[in-house]
Each structure stands twice: as C-alpha cells, then as structure tokens.
Amino acid sequence: MTVFRTKSGAVRGRRAARDPGVVALLGIPYAAPPFGTRRFRAPRPATAWDGIRDCDAFGPVAPQSAELPGAPVWSSGDEDVLSLNIWTRGGAGDALPVLVWIHGGAYVFGSSAQPDFDGTALAGQGLVVVTLNYRLGFEGFGRVPPGGGGEPCPDNRGLLDQIAALEWVRDNIAAFGGATDNVTVAGQSSGATSVACLMAMDRARGLFRRAIAHSAVNACASPESAARTTREVAAAAGVPATYDGLLSVAPSALVAASDAVADGYRHDPASGPRHYDPAIYGPVAGGDTLPLDPLTASAAGVAADVDLLVCHTTEEYWLLDAVGSSAKITTEEQLAVFAADFQLSPSLMHAHRTSMPGAPVLDVFLAVYGDLLFGEYSSRLAESHARAGGRAFLSRFARQRGGSGERVRAWHCADIPFAFGNLHEESVTFLVGGPPAPVDHALSQRMMRAWADFAAGGEPGWPAIGGSAGAVRIWDTSGADTTGAEAAFRAGWRVAGLPLLEP
C-alpha cells in the first residue's frame, strides 16, 4: 500500500472495496484533541508522530446523543475528535481538484463516518475527496463567558475547526495528488450554512476557490441569543453560566442539558419559533470570528471571487415531519399561530395556498416552513452572491418516487446520496425510497459529474444565474434535467421578504 507523507508524519490507508483504484485514508488528525486544557479554545495543530500511521478506521465522532444508521456513536472519553478522511486515485505530483465535505446535522449531530459520505465514487470522477469531523453542540457553538486566564474562548469553535481542516488540506493535500490552488468546500444543511459562513470569514480567505451549498439553513445566532442559550443550558446542567461552571460539566452532561432545553421548547407550543423544530445552536454572527451573517456578507460581496453552486430540494421539510422532529400543524388556528410566531405576512401564506390548491393544512405548513428554513434562504444566497459580482449557479432536486407505500418526496437530505454516488448504502434506503432504479443511478451519475466539473473548472453544466430570478437546473429522473424558471411559490417571498432566523 502506498505511503503518503504529511507534515505531521507518514500515513497509510487501504484500497476502497468498491474501487481498488481508490485509496481511502481514514481518521487522520488535523488538530489536537479539543478537551482538557484545550476545551472551549481555538484548535491547535495535531502532535506529530514517528513511523507510519495506519489510517484504516474513522476517528471518534464529536460529542452528541444521536445514533445514526451505519455510523459510529460518541462514547464518553473519546477526545481525539478532530480528524479527516481522504479518498484519492492520485499521489504526489498529480494536481487533481479537491472537494472538502462538511456534514450537516443541525450543528448537534452527524459525522464524516456516515456511509452517505463515502468518497469512493466521487474520487472515481477525478476528485480528491476530504471529509471531516468538527465540534458540535455546546462544545462547538455554545457561547462561553470569559475566564480561565488570558486565552479567549472564541465563538464558533466548530467553524474554526473547519478552517483548521482547510489549513491542513492547504499544507498537505499535494501529497495525496490534490491541487492546493483548486479546493472546493461543500456541505449540506448546517454544513451548507457552515460553507456560507466560511465564505464570510477573513480567517478562511484563500483556503478554497469554490463552494457548494446544498439546503443551507436559515439560522444564525446573535451574541445576545447565544448568551441566552448558554444560560438555559447551564441551568439545565445545574451549574452557573460562567467559564468555570461550564468547564466543570462533562461533555456528556452538556449534551444531555442541551437536549433537555430543546425538548422543553418542543413540548411548549407557547414558546415561539423554537417550538416548531428546536435547533438551539448555530453560528454566532456579529462577533469577532463571524462579523456578518452569511446572507448579509454575500450581499456585501465579501467572497465575490469564490464560485458558488447552490442546490435545495423541492419538498425540504417533509423529511422532518416524517421522522417526527417537527411540530404537527394540522388546524387553521395552529397555522395562524405559526405565521404570527415567524411574522409571516397574510400575502405570503395566501401565495402558498394558491400554489397548493386543496392541500391539507399540514402540507401548507411544511411547504412554508421548508422554504423559510431552506429553499428560499438557499436561493437568496445564490442570488445575492450574483448581485455582488460573484458567479453563482442554482439548482433544485425534484426527484420523487411512488410505490405501494407512501410517496417518497424530494425531501431534505435526499439529494446527497445521489451527489456522492452512494445509492447502494443501506443507510439511505429510507431517504431514497428503497433500492435504486436504473434511472436513479443515471441521475446520480449526472449529479456527480456536475460536482466534479464544478470543482475542476467552475462549470457544472448549466448557465450561471443573474442577480435576480433566473433559470435553475432541475434534477429529476426524467433524464432531461431541464433548466427551468423559478418556482411559482417564490412570488410570495418576493413580496413579503425573508425573515432571518435565530436558533
């Protein structure tokens, strides 16, 4: 097996089972364990090693309570959580485009070890694929009051971890056949908003040339709302909301306290916007690490030199309803309260109803909430980037599947197994509605090719948009992948405006 030499030491991986021409290297540390004296601090470089490090197993996942199909779970005591994985067909002297993937999970769950994110198929398209873990929940995004000596506890430690991984890629990826000057950073859901935040951060400037954002989520915390969440989590953990108080709590206890706070909102219909799907963490915008939220930064042109590819699904929020994480809004009274909680105008609600004649109340709620959180926000990221002088491409995933059971919709996360070429994984069966058909494999090939071509040269295969409503690529199984006009429901958002949400 080929040995690759990084600045920290030599590493050796294994041949990918699905494609022996691809080498997979798993669990390479890109930063030191962020616990002990490093807890709540910015990431530091990993310790170098002697000899050859066998990298044939994923590293530990970040502290979380989730147990995801096919992926490892966090175990109390796992500390070396800042690792990355590489799939490559190349070696030193090659100059293949690099794609760095940031997983989603509402900033509180997920990992690079999810089978959906296996990079073998994309590496077969000519990319060097990198996936990474980063701090989640309070460890990564909780606001920590000053304390503990002179070194600060910065906001957005999870984003700083992502930057540390990109710096590692800059310094080491050439050894794996990657081109250091042709890096694309990509992500989905909270991973997509992380990508948009990286575009807005001075510390990430120059670390990537292109960006891919699938279903970016409309949620950034203000310093004030982040401080409120800290007080709530500290109270649930039974400690003062101080540096010393929070440091005294084990990571497992902070995970449990965060879950308790979210669960309290979930069971309290009078608790306002957090009731509907309580994600209590998100990037803190307005401070030192992230001065502007992504949409404002995009409109200001802070990353106009970065090419941007955006995608969202056409029925985003139906997944959250299907897995039971969302409130059930089934009456007109509940729908009116929902609209008031988010200050949504009657004209916007009417526009959605008009575009969904005869739909039940629950479907109207799911459509509006999905657009508010994902669809409209993602579209505006692309359009504001284009208006500010950047190159932006917009697409929508519309693939559905019928059958003897309930129709499988084009819902949140369904596009990612197609873009990664991982439709065969058992863990995605629910997302895609059973074993893939030939038309599904064909769609996956087209989506992978679009990612690979965009990462290689900035051209996914359809025209860039202008600064306002314009043509978008529609992904479905018809084989045509048409470039269509904007969806009719967007007219309501054009009139009503888009409120920017806080977690």
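Just so you know, the sequence shown maps onto residues 21 to 523 in this note's numbering. Cβ coordinates follow ideal geometry from the N, Cα and C atoms, glycine included.
First through last residue of the beta strand (DSSP E) which encompasses residue i
| i | result |
| --- | --- |
| residue 493 | 492-495 |
| residue 512 | Segment 510-516 is the alpha helix (DSSP H) holding residue 512; no beta strand (DSSP E) there. |
| residue 117 | 116-122 |
| residue 286 | Careful: residue 286 lies outside any beta strand (DSSP E), inside the alpha helix (DSSP H) at 271-286. |
| residue 332 | 327-333 |
| residue 73 | 72-74 |
Residue closest to residue i, alpha-carbon to alpha-carbon, out of the options
| i | options | result |
| --- | --- | --- |
| residue 412 | 474, 287, 157 | 474 |
| residue 318 | 80, 242, 402 | 402 |
| residue 361 | 176, 296, 313, 371 | 296 |
| residue 417 | 136, 464, 189 | 464 |
| residue 419 | 457, 390, 405, 217 | 457 |
| residue 451 | 88, 57, 430 | 430 |
| residue 74 | 343, 334, 48 | 48 |
| residue 107 | 410, 436, 147 | 147 |
| residue 197 | 42, 290, 177 | 42 |
| residue 128 | 271, 31, 218 | 271 |
| residue 470 | 232, 76, 126 | 232 |
| residue 179 | 143, 216, 150 | 216 |
Residue environment, residue i, which counts as buried when at least 16 other CB atoms sit within 10 Å
| i | result |
| --- | --- |
| residue 424 | In this prediction, residue 424 scores a pLDDT of 46, lower than 50, which makes its location untrustworthy; the coordinate-derived value is nonetheless stated afterwards. The residue is exposed, with fewer than 16 neighbouring Cβ atoms inside 10 Å. |
| residue 69 | exposed |
| residue 396 | buried |
| residue 356 | exposed |
| residue 63 | buried |
| residue 405 | buried |
| residue 93 | exposed |
| residue 57 | exposed |
| residue 363 | exposed |
| residue 54 | buried |
Simplified DSSP assignment, three categories, for residue i
| i | result |
| --- | --- |
| residue 180 | helix |
| residue 349 | coil |
| residue 460 | helix |
| residue 39 | coil |
| residue 26 | coil |
| residue 208 | strand |
| residue 424 | Residue placement at residue 424 cannot be trusted, given a pLDDT of 46 that sits under 50; the coordinates are not used to answer. |
| residue 83 | coil |
| residue 440 | helix |
| residue 135 | helix |
| residue 34 | strand |
| residue 264 | helix |
| residue 413 | strand |
| residue 405 | helix |
| residue 433 | coil |
| residue 522 | coil |
| residue 238 | coil |
| residue 309 | coil |
Residue i versus residue j - alpha carbon distance
| i | j | result |
| --- | --- | --- |
| residue 448 | residue 191 | 34 Å |
| residue 187 | residue 379 | 49 Å |
| residue 386 | residue 341 | 8 Å |
| residue 292 | residue 434 | 29 Å |
| residue 422 | residue 497 | 12 Å |
| residue 279 | residue 157 | 10 Å |
| residue 455 | residue 511 | 37 Å |
| residue 518 | residue 408 | 18 Å |
| residue 111 | residue 185 | 20 Å |
| residue 349 | residue 325 | 42 Å |
| residue 100 | residue 327 | 33 Å |
| residue 277 | residue 164 | 15 Å |
| residue 255 | residue 265 | 10 Å |
| residue 267 | residue 301 | 18 Å |
| residue 320 | residue 314 | 10 Å |
| residue 331 | residue 234 | 5 Å |
| residue 24 | residue 199 | 15 Å |
| residue 336 | residue 208 | 12 Å |
| residue 50 | residue 202 | 20 Å |
| residue 283 | residue 45 | 38 Å |
| residue 375 | residue 383 | 12 Å |
| residue 115 | residue 194 | 7 Å |
| residue 223 | residue 183 | 7 Å |
Residue span of the alpha helix (DSSP H) that contains residue i, given as start and end
| i | result |
| --- | --- |
| residue 103 | Careful: residue 103 lies outside any alpha helix (DSSP H), inside the beta strand (DSSP E) at 103-108. |
| residue 245 | 243-257 |
| residue 151 | Looking at the DSSP string, residue 151 is not in any alpha helix (DSSP H); the run it does join, the beta strand (DSSP E), is 148-152. |
| residue 384 | 381-390 |
| residue 341 | 338-342 |
| residue 68 | Taken as a continuous stretch (DSSP letters only), residue 68 belongs to no alpha helix (DSSP H), as it is neither H nor E. |
Residue i: CB within 7 Å of a non-hydrogen atom of the ligand FMN
| i | result |
| --- | --- |
| residue 95 | Here there are no bound small molecules, and the ligand FMN is not part of this structure. |
C-beta neighbour in chain D for residue i, strict 8 Å
| i | result |
| --- | --- |
| residue 521 | The displayed structure is made up of one protein chain only, and chain D is not part of it. |
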